[in-house]
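Numbering follows the working numbering, with no gaps: position 181 of the sequence shown is 200.
The beta-carbon is built from N, C-alpha and C at its ideal position, and this holds for glycine as well.
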Amino acid sequence: MEKILIVLPVEERHREMFKKAAPEAELIYCLADQVTKEQAQEANVIIGNVPREYLKDSPNLRWIQLNNAGTEGFCDPGVLPEGTLLTNASGAYGMAISEHLIAMLFMIQKHLGVYRDQQKEHLWIKQEPMLVTEGSTVLVLGLGDIGSTFARKMKAMGSYVIGVRRTLREKPDYVDELYTMDALSRLLPRADVVALSLPGYAATRGVIGKEELDRMKPGAVLLNVGRGTAVDTNALSDALYAGKLAGAGLDVTDPEPLPADHPIWDAPGALITPHVSGGYALKPTLEKILALSARNLERYEKGETLENMVDLTTGYAKR
């Protein structure tokens with residue numbers, strides 16, 4: 020009997036959903052932090068993330084459905100047995116993470132963190148200058164589900180949106196201009212806000228370093244919710260202390276977790292959250308992941324093409 024290992028938090032209604040998708044299979048439920056290598060090695064299908072070292076030379080694995088959009092590590096040679104299918108959860112996180120981006124942006128633009136600190140000290144001090152979203156130019160690096168959702172919301176709030184993606188495609192209507200990464204150096208001086216939602220691949224490492232920070236408009240805001248490796252943390256810290264930027268909102272850092280003695284903790288305008296914009300903090304995110312996984316399981320059982328099939332050579336879902 021086919022064994023399907025599900026390492027996501029589920030309720031009874033989700034169990035019924037998976038049973039309906041694969042009525043003849045043995046469904047095994049275990050939380051990700053409790054799964055064993057033996058369970059992973061015995062499974063034909065894994066839904067959710069397990070330690071990559073559990074998968075090497077697995078004699079039974081045919082398909083793994085990741086619970087996140089990023090695939091880094093799983094596409095490395097030798098991690099998955101030859102012929103194993105890989106799908107990701109792209110499309111599940113746009114709502115939650117785009118709102119986190121906007122929340123960080125508003126906090127920086129309106130000095131809300133400073134005012135909260137002043138409130139604790141019973142201080143009545145006005146902070147200037149105040150920044151606005153309407154009429155601002157927003158540069159979005161990475162137009163997957165997260166970047167696209169953020170771009171749509173910023174466009175709706177009156178921003179002029181410039182998108183940058185890995186490959187050039189037809190420009191969506193919520194983006195005013197569209198480029199590939201080779202145009203970054205000439206786009207940075209135009210942007211009031213630079214938002215990154217990039218995966219953690221070699222091609223995205225250090226996309227924003229000292230040179231790029233120097234090219235950014237004085238008083239601009241940098242936001243990062245993709246992977247911390249896309250930004251040189253030390254160079255960003257220096258730029259904040261030098262007053263080059265109005266602020267930086269980071270939900271991801273390099274290294275991560277951020278060491279307690281790193282100077283960027285106390286840098287002017289720095290807003291740091293501990294990689295919480297994704298995950299299951301927002302219940303609809305988990306519901307989307309579970310629904311996608313159940314749909315794909317039904318497709319798998321029927322021998323149909325799976326949603327979000329990952330190209331192992333690029334790490335991105337095929338379109």
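Closest by C-alpha distance to residue i, when choosing among the options
| i | options | result |
| --- | --- | --- |
| E101 | R184, T55, Y112 and L80 | L80 |
| L269 | A279, V295, L242 and K236 | L242 |
| D201 | A175, G219, E231 and V212 | E231 |
| L264 | E31, R234 and T272 | R234 |
| A275 | L301, P287, R246 and A286 | The displayed chain sequence assigns Glu, not Ala, to residue 275. Comparing Cα-Cα distances from E275 to each of L301, P287, R246 and A286, the minimum goes to R246. |
| R224 | E45, C94, T272 and S167 | T272 |
| A221 | I165, G334 and Q137 | G334 |
| E153 | K145, F125 and H141 | F125 |
| P287 | L259, E306, P293 and A279 | L259 |
| V226 | Q53, V213 and P237 | V213 |
| P148 | E72, H281 and G238 | G238 |
| P278 | A267, I291 and G266 | I291 |
| R184 | R171, S216, K236 and L301 | S216 |
| L255 | Q58, R32, K229 and Y48 | K229 |
| A170 | V240, A59 and P191 | P191 |
| L301 | E57, E118 and H141 | E118 |
| T332 | A249, V98 and I308 | V98 |
| G132 | E306, P293 and A289 | A289 |
| L120 | T55, D257, R34 and V240 | V240 |
| P282 | F37, N68, D95 and D257 | D257 |
Buried or exposed by the 16-neighbour rule on C-beta atoms within 10 Å, applied to residue i
| i | result |
| --- | --- |
| S204 | exposed |
| V194 | buried |
| M123 | buried |
| W143 | exposed |
| L162 | buried |
| V295 | exposed |
| P218 | buried |
| D251 | buried |
| D76 | exposed |
| A310 | exposed |
| Q128 | buried |
| T168 | buried |
| G266 | buried |
| W82 | buried |
| L74 | buried |
| T248 | buried |
| K172 | buried |
| A261 | exposed |
Identity of the residues DSSP links to residue i by a beta bridge
| i | result |
| --- | --- |
| K22 | E45 |
| L301 | According to DSSP, L301 bridges with nothing at all. |
| A267 | L241 and A289 |
| T333 | Answer is none; T333 lacks a bridge partner. |
| V159 | G182 and A214 |
| I227 | V250 |
| M328 | T106 |
Close beta carbons around residue i, own chain, < 8 Å, minus the five adjacent residues each side
| i | result |
| --- | --- |
| I181 | T156, V157, L158, V159, V194, D195, E196, L197, Y198, L206, R209 and A210 |
| M20 | E43, A44 and E45 |
Host alpha helix (DSSP H) of residue i (start-end)
| i | result |
| --- | --- |
| Q137 | L131 to K139 |
| T90 | Taken as a continuous stretch (DSSP letters only), T90 belongs to no alpha helix (DSSP H), as it is neither H nor E. |
| I116 | G113 to Q128 |
| E196 | Here E196 belongs to no alpha helix (DSSP H); instead the beta strand (DSSP E) covers E196 to T199. |
| T252 | T252 to Y260 |
| L215 | Element bounds for L215: not the alpha helix (DSSP H) but the beta strand (DSSP E), V212 to L215. |
| I165 | D164 to A175 |
| K236 | Where K236 is concerned, there is no enclosing alpha helix (DSSP H), given that its DSSP letter is neither H nor E. |
| S204 | L203 to L206 |
| H33 | E31 to A40 |
Residue range of the beta strand (DSSP E) that includes residue i
| i | result |
| --- | --- |
| Y179 | Y179 to R184 |
| Q60 | No beta strand (DSSP E) holds Q60; the alpha helix (DSSP H) holding it covers K56 to E61. |
| L104 | L104 to T106 |
| W82 | W82 to Q84 |
| L66 | Reading off the sequence shown, one finds Ile at residue 66, where the question assumed Leu. Per DSSP, I66 belongs to the beta strand (DSSP E) from V64 to I66. |
Same chain, Cβ closer than 6 Å to residue i, five either side skipped, listed in chain order
| i | result |
| --- | --- |
| I66 | I25, Q84 and S312 |
| K337 | M328 and D330 |
| H130 | Q146 |
| A62 | K22 and L24 |
| I116 | I165, V244, S296 and G297 |
| N107 | L85, A88, T90, N327, V329 and A336 |
| G110 | D164 |
| L187 | T199 |
Own chain partners of residue i with C-beta closer than 7 Å, once the 5 adjacent residues on each side are dropped
| i | result |
| --- | --- |
| K174 | V180 and Y193 |
| M176 | T152 and E153 |
| P303 | M114 |
| L325 | L104, T106, N315, R318 and Y319 |
| Y112 | A88, D164, I165, G297 and T304 |
| Q58 | L24, I47 and C49 |
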